[in-house]
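J.: Here the numbering used here = 1-based position in the sequence shown + 359.
Beta carbons are placed, not taken as given, at the ideal position from N, Cα and C, and that holds for glycine.
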Amino acid sequence: KKFPKPEIKERVENAARILDITNLLDRRPKQLSGGQRQRVAMGRAIVRNPKVFLFDEPLSNLDAKLRVQMRMEIKKVHQKVTTTTVYVTHDQVEAMTLADRVVVMNGGKIEQIGSPNEVYHHPMTRFVAGFIGSPGMNFIPCRLVEGSNGSAGLSVKLSDKLSFPVPADRIARYRPHVGRELLFGLRPEDIIENRGSVPPGRAAFDAQLDVVEPMGMETMVYFLVNGTEVCGRVNPAVAGKPGETMPLVADLNHMHLIDPKTDQVL
360 KKFPKPEIKE RVENAARILD ITNLLDRRPK QLSGGQRQRV AMGRAIVRNP KVFLFDEPLS
420 NLDAKLRVQM RMEIKKVHQK VTTTTVYVTH DQVEAMTLAD RVVVMNGGKI EQIGSPNEVY
480 HHPMTRFVAG FIGSPGMNFI PCRLVEGSNG SAGLSVKLSD KLSFPVPADR IARYRPHVGR
540 ELLFGLRPED IIENRGSVPP GRAAFDAQLD VVEPMGMETM VYFLVNGTEV CGRVNPAVAG
600 KPGETMPLVA DLNHMHLIDP KTDQVL
């Protein structure tokens with residue numbers, strides 16, 4: 360399109376201000392870093408005043424540090440420009456941090472559409488539950504059984520030695536599935552160290568640690584439940600060593616039960 364030179368100048372300068380690249384306007388492409396080239400590419404799109412932006416994995420070729428920086432830049436630009444943006448990525452961190460609405464796809468099929476909080480806290484399928492979050496959700500084979508000693512409640516039996524009570528607000532929803540072989544889903548962040556007091560909706564248990572991964576502000580602990588590896592996040596100050604038994608607590612308010620035949624969350 361042949362725009363008047365004054366309008367071209369105005370649009371370019373406006374895009375440069377938004378992207379904070381005014382000082383780069385006189386440089387040639389070979390003089391720009393990878394991150395600067397990404398900003399220039401975004402600027403070329405902004406000057407066209409499009410109705411929709413399409414980003415197709417724009418950060419996939421950048422190193423980890425630059426990827427984080429550019430993710431913030433794209434978020435800032437979107438907040439300033441407010442144009443509808445479709446952002447394609449295989450990185451669930453990018454999807455969660457950038458999106459207002461997330462479309463989770465698997466093999467070309469839409470699994471779920473929702474806000475980042477919705478797909479994280481209320482996944483509809485096993486794929487979504489496992490894809491969102493890092494490390495991913497733990498999935499443990501289980502059987503849903505009636506509560507012991509004549510209790511009106513339900514329990515999730517994970518092994519001969521470990522069962523968890525179903526929270527009261529889930530009993531009516533889960534009761535039709537009593538006796539079925541299911542998958543018990545719980546995120547690593549919902550398995551923490553036992554701090555001595557176990558509030559309602561949580562269950563204490565002991566686990567023999569298999570692997571311990573210090574991560575700085577937190578430590579990942581891995582242990583086996585009936586042959587299935589399970590991950591939890593604990594305070595580094597109390598993390599045990601491999602082979603030791605550690606008291607843990609599971610937050611059952613965030614548990615999920617999944618039908619292994621359909622992969623649907625119940």
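What's the call for Asp-549, buried or exposed, on a 16-neighbour Cβ count within 10 Å?
T.: Indexing the sequence shown from 1 puts residue 549 at position 190. Asp-549 comes out buried.
J.: Which one of Met-431, Lys-368, Lys-410, Ala-423 has the shortest CA to CA distance from Arg-398?
T.: Here residue 398 refers to the residue found at position 39 of the sequence shown. Nearest of Met-431, Lys-368, Lys-410, Ala-423 to Arg-398, Cα basis: Met-431.
J.: Between which two residues does the beta strand (DSSP E) holding His-615 run?
T.: By one-based count along the sequence shown, residue 615 stands at place 256. Its beta strand (DSSP E) spans residues 615-617.
J.: Could you spell out the range, first to last residue, of the beta strand (DSSP E) harbouring Asn-465?
T.: Taking the first residue of the sequence shown as 1, we reach residue 465 at position 106. 461-465 is the span of the beta strand (DSSP E), which, as asked, contains Asn-465.
J.: What residue does the beta strand (DSSP E) around Leu-513 start on, and which one ends it?
T.: To locate residue 513, count along the sequence shown from 1; it is residue 154. Taken as a continuous stretch (DSSP letters only), the beta strand (DSSP E) holding Leu-513 covers 513-516.
J.: So Pro-526 and Gly-560 are in contact, right, with Cβ under 8 Å, and what is the actual spacing, rounded?
T.: One-based indexing of the sequence shown puts residue 526 at position 167. One-based indexing of the sequence shown puts residue 560 at position 201. Sure, about 5 Å apart at Cβ, within 8 Å.
J.: Could you tell me the alpha carbon to alpha carbon distance between Gly-506 and His-536, rounded to whole angstroms?
T.: Within the sequence shown, the letter at position 147 stands for residue 506. Within the sequence shown, the letter at position 177 stands for residue 536. If you take the alpha carbons of Gly-506 and His-536, they lie about 14 Å apart.
J.: Tell me the rounded alpha-carbon separation between Leu-309 and Val-504.
T.: Not covered by the structure: residue 309. The range shown for the chain is 360 to 625.
J.: Indicate the three-state DSSP secondary structure (helix, strand or coil) for Ser-442 in the structure shown.
T.: Taking the sequence shown and counting its residues from 1, the one referred to as residue 442 is at position 83. Correcting the residue type first, residue 442 is Thr in the shown sequence and not Ser. The answer is coil: DSSP assigns Thr-442 none of H, G, I, E or B.
J.: Exposed or buried, what is Ala-374 when buried is set at 16 or more other beta-carbons lying within 10 Å of its beta-carbon?
T.: What you label residue 374 is simply residue 15 of the sequence shown in a count that begins at 1. Result: buried.
J.: Under 8 Å between the Cβ atoms of Met-614 and Gly-512?
T.: Taking the sequence shown and counting its residues from 1, the one referred to as residue 614 is at position 255. Taking the sequence shown and counting its residues from 1, the one referred to as residue 512 is at position 153. No, these two residues do not count as a Cβ contact at 8 Å.
J.: Going by the beta-carbon positions, is the gap between Asn-502 and Glu-453 smaller than 8 Å?
T.: On the sequence shown, residue 502 is found 143 positions in, with the first residue counted as 1. On the sequence shown, residue 453 is found 94 positions in, with the first residue counted as 1. The displayed chain sequence assigns Arg, not Asn, to residue 502. Not in contact: Arg-502 and Glu-453 (Cβ atoms no closer than 8 Å).
J.: Please specify which runs of the beta strand (DSSP E), each continuous and at least 3 residues long, are wholly inside the stretch 476-535, giving them in chain order.
T.: 497-505, 513-516, 522-524, all fully within the stretch 476-535.
J.: Leaving out five residues on either side along the sequence, give the residues of the same chain with a beta carbon under 6 Å from the beta carbon of Leu-418.
T.: Start at 1 with the first residue of the sequence shown, and residue 418 comes out as number 59. Cβ within range, chain order: Arg-426, Met-429.
J.: Distance, Cα to Cα, Val-445 vs Glu-470?
T.: For the purposes of this step, residue 445 is taken as the residue at position 86 of the sequence shown. For the purposes of this step, residue 470 is taken as the residue at position 111 of the sequence shown. Cα-Cα distance, rounded: 17 Å.
J.: State the DSSP-derived secondary structure class of Glu-416, mapped to helix, strand or coil.
T.: Walking along the sequence shown from the start, residue 416 turns up at place 57. Residue state, collapsed to three classes: coil.
J.: Does the beta-carbon of Val-478 have 16 or more other beta-carbons within 10 angstroms, so that it is buried, or is it exposed?
T.: Position 119 of the sequence shown, counted from the first residue, corresponds to residue 478. Val-478 is buried by the Cβ-count criterion.
J.: Report yes if the C-beta distance between Thr-604 and Ala-563 is below 8 Å; otherwise report no.
T.: Position 245 of the sequence shown, counted from the start, is the residue given in the question as residue 604. Position 204 of the sequence shown, counted from the start, is the residue given in the question as residue 563. Not closer than 8 Å, so no.
J.: How would you label Gln-390, buried or exposed, when you count the other beta carbons within 10 angstroms and need 16 or more for buried?
T.: For the purposes of this step, residue 390 is taken as residue 31 along the sequence shown, with counting starting at 1. When all chains shown are included, Gln-390 counts as exposed.
J.: Using only alpha-carbon positions, find the residue among Leu-542, Pro-475, Met-455 that is nearest to Phe-498.
T.: Counting from 1 along the sequence shown, the entry for residue 498 is found at position 139. Checked all of Leu-542, Pro-475, Met-455; the closest Cα to Phe-498 is Leu-542.
J.: If you drop the 5 nearest sequence neighbours on each side, which residues of the same chain put their C-beta closer than 7 Å to that of Ile-405?
T.: By one-based count along the sequence shown, residue 405 stands at place 46. Here the set comprises Ala-374, Ile-377, Val-440.
J.: Have a look at the DSSP bridge pairing and note the partners of Ile-405.
T.: Looking up residue 405 in the sequence shown gives position 46. In the DSSP output, where bridge partners are listed per residue, Ile-405 has none listed.
J.: Would you mind giving the Cβ-Cβ distance between Met-401 and Val-447, rounded to the nearest angstrom? I have them listed as a contact below 8 Å.
T.: If you number the sequence shown from 1, residue 401 lands on position 42. If you number the sequence shown from 1, residue 447 lands on position 88. Going by Cβ atoms, the distance from Met-401 to Val-447 rounds to 15 Å, so no, they are not a contact pair.
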